[in-house]
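Numbering (this note's numbering), first residue to last: 593 to 949.
Backbone N, C-alpha and C fix where the C-beta goes; we use that ideal spot for every residue, glycine too.
Here the structure is a predicted model, which means the values were calculated and not measured.
Everything on this sheet refers to the single structure shown next.
Listed below in structure tokens is the structure:
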């Protein structure tokens with residue numbers, strides 16, 4: 593190799609390195625642009641995230657009534673504020689009209705214990721305690737309370753044995769909110785009615801209307817059936833008769849009702865064309881078992897999954913946090929992606945149910 597070739601090779605190498613440097617700088621620039629775009633997209637949806645947390649926090653007043661806000665708001669004012677938040681959320685772009693709060697019980701630590709491992713979802717938005725903490729940091733000048741409020745909300749849900757909450761949000765923001773207020777009013781009186789035998793009373797157009805506490809097919813008080821009675825002005829006798837008739841129907845082999853709608857009497861009621869057209873369905877549902885397994889009212893709950901849910905509930909005496917942990921562990925476990933230690937922990941969670949099967 594002559595001297596000229598050597599010089600040219602060195603210069604080519606230097607030029608190549610310079611070009612490589614340019615490519616790296618360009619790559620870093622592209623990464624920076626992507627990061628900024630992600631931050632901007634995230635910031636665009638932060639107001640909706642904040643609104644969701646505030647809504648869930650205020651829904652807690654349904655379960656603790658004036659103790660939660662220490663009398664700072666009247667029931668009427670509180671309900672109106674909650675309705676306004678739902679109406680505002682109806683304006684979020686590309687939402688699916690379904691707000692879910694679900695207990696998972698899969699992840700926890702010293703700061704966020706496993707018994708407070710709930711998720712809020714609305715469209716593509718998903719919020720847990722960790723994301724609420726990050727949200728509070730991004731808005732530390734105005735919303736440092738978000739994480740604390742969510743901890744209070746989850747604690748209230750745990751204390752009141754709430755494992756799922758569903759709120760239907762109409763696209764127009766008007767249709768569902770008309771019946772949301774009465775449902776909130778009923779929920780705020782539900783626990784005193786169950787544990788203290790007090791009456792549930794709705795205020796409608798200046799008149800007091802008594803709402804019966806309704807029992808499900810297993811003779812247990814039911815949040816959702818009680819709201820159906822209140823919204824439709826049904827007496828206790830009429831509502832309990834309806835529950836018994838629907839329960840008898842879904843047990844008959846010659847009657848066809850879609851499998852995803854016979855998870856319980858409440859869901860079966862609104863799968864019957866005549867009843868569905870005549871009865872107002874509550875826009876809010878508490879502990880509806882189908883939402884443990886589904887992410888949308890357009891999905892189908894297969895019988896095999898429902899049989900498993902029923903078996904777990906029978907073992908644990910109902911939809912307790914321990915029962916939900918077992919169900920979520922079974923359906924969310926990806927054993928191919930787990931370490932041997934993780935698999936051991938997962939199997940350990942399943943022992944209480946599998947040991948008696």
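Using only the alpha-carbon positions, how far apart do residue i and residue j sit?
| i | j | result |
| --- | --- | --- |
| residue 811 | residue 857 | 12 Å |
| residue 883 | residue 755 | 10 Å |
| residue 777 | residue 876 | 12 Å |
| residue 658 | residue 752 | Confidence in residue 658 is poor, its pLDDT being 46 and thus under 50, which makes the residue's placement unreliable; the coordinate value appears in the next sentence. The straight-line gap from Cα to Cα measures roughly 15 Å. |
| residue 731 | residue 916 | 33 Å |
| residue 647 | residue 800 | 27 Å |
| residue 864 | residue 841 | 11 Å |
| residue 773 | residue 671 | 6 Å |
| residue 797 | residue 692 | 31 Å |
| residue 637 | residue 809 | 42 Å |
| residue 908 | residue 874 | 28 Å |
| residue 779 | residue 834 | 21 Å |
| residue 707 | residue 750 | 7 Å |
| residue 794 | residue 770 | 14 Å |
| residue 878 | residue 910 | 14 Å |
| residue 675 | residue 748 | 20 Å |
| residue 792 | residue 836 | 22 Å |
| residue 719 | residue 684 | 16 Å |
| residue 775 | residue 669 | 15 Å |
| residue 717 | residue 635 | 12 Å |
| residue 866 | residue 844 | 19 Å |
| residue 868 | residue 733 | 48 Å |
| residue 705 | residue 729 | 20 Å |
| residue 709 | residue 696 | 6 Å |
| residue 788 | residue 830 | 23 Å |
| residue 906 | residue 818 | 23 Å |
Since residue i and residue j should fall inside the 8 Å C-beta cutoff, what is the C-beta to C-beta distance between them, to a whole number of angstroms?
| i | j | result |
| --- | --- | --- |
| residue 832 | residue 803 | Contact flag wrong, Cβ pair sits at about 13 Å. |
| residue 871 | residue 816 | Wrong, their Cβ atoms sit about 12 Å apart, outside the cutoff. |
| residue 761 | residue 689 | 5 Å |
| residue 687 | residue 714 | 6 Å |
| residue 921 | residue 698 | 7 Å |
| residue 763 | residue 682 | 6 Å |
| residue 721 | residue 694 | Their Cβ separation, rounded to whole angstroms, is 14 Å, which puts residue 721 and residue 694 out of contact at 8 Å. |
Name the two residues that bound the continuous beta strand (DSSP E) containing residue i.
| i | result |
| --- | --- |
| residue 803 | 799-803 |
| residue 878 | 876-878 |
| residue 868 | Per DSSP, residue 868 belongs to no beta strand (DSSP E); it is in the alpha helix (DSSP H), 865-870. |
| residue 692 | 690-695 |
| residue 796 | 792-796 |
| residue 834 | Careful: residue 834 lies outside any beta strand (DSSP E), inside the alpha helix (DSSP H) at 828-843. |
Note down, in chain order, each residue of its chain lying with its Cβ closer than 8 Å to the Cβ of residue i, except the 5 sequence neighbours on either side.
| i | result |
| --- | --- |
| residue 929 | Confidence at residue 929 is low in this model, with a pLDDT of 38, below 50, so its placement is unreliable and no value can be given for it. |
| residue 642 | 727, 731, 735 and 738 |
| residue 649 | 741, 742, 744 and 745 |
| residue 790 | 781 and 784 |
| residue 677 | 643, 646, 647 and 650 |
| residue 640 | 681, 684, 714 and 717 |
So who's on the other strand from residue i, going by DSSP bridges?
| i | result |
| --- | --- |
| residue 685 | Answer is none; residue 685 lacks a bridge partner. |
| residue 813 | 807 |
| residue 756 | 694 |
| residue 712 | 693 and 719 |
Short of 6 Å in beta carbon distance, which residues of its chain neighbour residue i, apart from the five on each side in sequence? Order them along the chain.
| i | result |
| --- | --- |
| residue 820 | none |
| residue 786 | 813 |
| residue 759 | 691 and 876 |
Near residue i, what residues of its chain come up, given a Cβ to Cβ distance below 7 Å and the 5 sequence neighbours on each side ignored?
| i | result |
| --- | --- |
| residue 724 | 645, 738, 739 and 742 |
| residue 901 | 881, 884, 885 and 919 |
| residue 838 | 857, 860 and 861 |
| residue 783 | 655 and 752 |
| residue 904 | 915, 918, 919 and 945 |
Would you mind reading off the limits of the alpha helix (DSSP H) that contains residue i?
| i | result |
| --- | --- |
| residue 749 | 738-751 |
| residue 717 | Note, residue 717: premise wrong, no alpha helix (DSSP H); beta strand (DSSP E) at 717-719. |
| residue 788 | 782-788 |
| residue 857 | 857-861 |
Please find out if some non-hydrogen atom of the ligand GTP comes closer than 7 Å to the beta-carbon of residue i.
| i | result |
| --- | --- |
| residue 919 | As far as ligands go, the structure on display features none, and thus does not contain the ligand GTP. |
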